[in-house]
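Residue numbers (our numbering): 267 to 469.
C-beta: ideal position from N, C-alpha, C; glycine also.
No experiment lies behind these values; they were computed from the predicted model shown.
These notes are about the structure you will find just below.
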């Protein structure tokens, strides 16, 4: 348990560094995340990806449960009163190490962390194209940990990352969905380069 607490402390230090240090070409993307465990109940979360030269940080927060049969692609739902944190993922882009901070509310009732090498995803690239927001995207497919995914990425933002643990494409991922339709991430707000609250580019 002591080891877990030490690891969690180190992660918080990394998060603070990633969020407070001025960085070049900072990228920020907010995603609508959909988790569908029953046909009529859709869990909507807000995912936020922040990428710097050395690190990336991804967090998910619960927004609401929606009683609805289907949400159309591209539909943006208002964010209200974010409280519960689902997970946080930090990637050391130079060392290619992924740290995932999780929350156990049932057994440990504490935060704990898991380290792993940055997952290597084998992507099959397609010639299919479509526009997401202002970005022309290309399609790619992969199988990761027992699930098959379709993803759309743009080479206009040359960052080989995306929501959650997705990585390895020649551009940032703006949309990804598993073949069973249980999990979906779609970009709703893209800031590149990210402008801080004072209206200045972070550099």
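(request) Alpha carbon to alpha carbon, how far is residue 360 from residue 343? Give it in angstroms, no decimals. (result) Residue confidence is low: residue 343 scores 45 on pLDDT, short of 50, so the model does not pin down where it sits. Its coordinate-derived value is still stated next. If I take the Cα positions, the gap works out to 35 Å.
(request) Pick out whichever of 423, 356, 417, 295 has its Cα sitting closest to the Cα of residue 384. (result) Residue 356 is the option with its Cα nearest to residue 384.
(request) Whole angstroms is fine: what's the gap from residue 328's alpha carbon to residue 448's? (result) Spanning the two alpha carbons is a distance of roughly 16 Å.
(message) Buried or exposed for residue 317, going by 16 or more other Cβ atoms inside 10 Å?
(response) Under this definition residue 317 is a buried residue.
(request) Note down, in chain order, each residue of its chain lying with its Cβ closer than 6 Å to the Cβ of residue 387, except the 5 sequence neighbours on either side. (result) Spatial neighbours of residue 387 in its own chain (CB-CB distance under 6 Å, excluding positions within 5 residues in sequence) are listed in chain order as 408, 410, 434.
(message) I'd like the span of the beta strand (DSSP E) that includes residue 300, first residue to last.
(response) Annotation: the continuous beta strand (DSSP E) that includes residue 300 extends over 293 to 304.
(request) Reducing DSSP to helix, strand and coil, say where residue 451 ends up. (result) The three-state secondary structure of residue 451, taken from DSSP, is strand.
(message) On the CB-based measure, 16 or more other CB atoms within 10 Å of its CB, does residue 424 come out buried or exposed?
(response) So residue 424 ends up on the exposed side.
(request) Using the Cα positions of residue 358 and residue 319, report the straight-line distance between them to the nearest angstrom. (result) Spanning the two alpha carbons is a distance of roughly 10 Å.
(message) Quick check: residue 368 and residue 382, are their CB atoms within less than 8 Å of each other?
(response) No.
(request) Alpha carbon to alpha carbon, how far is residue 426 from residue 272? Give it in angstroms, no decimals. (result) Caution is warranted here: a pLDDT of 44 is assigned to residue 272, below 50, making its placement in the model unreliable, and the coordinate value is therefore given only provisionally. Residue 272 and residue 426: Cα-Cα distance of roughly 30 Å.
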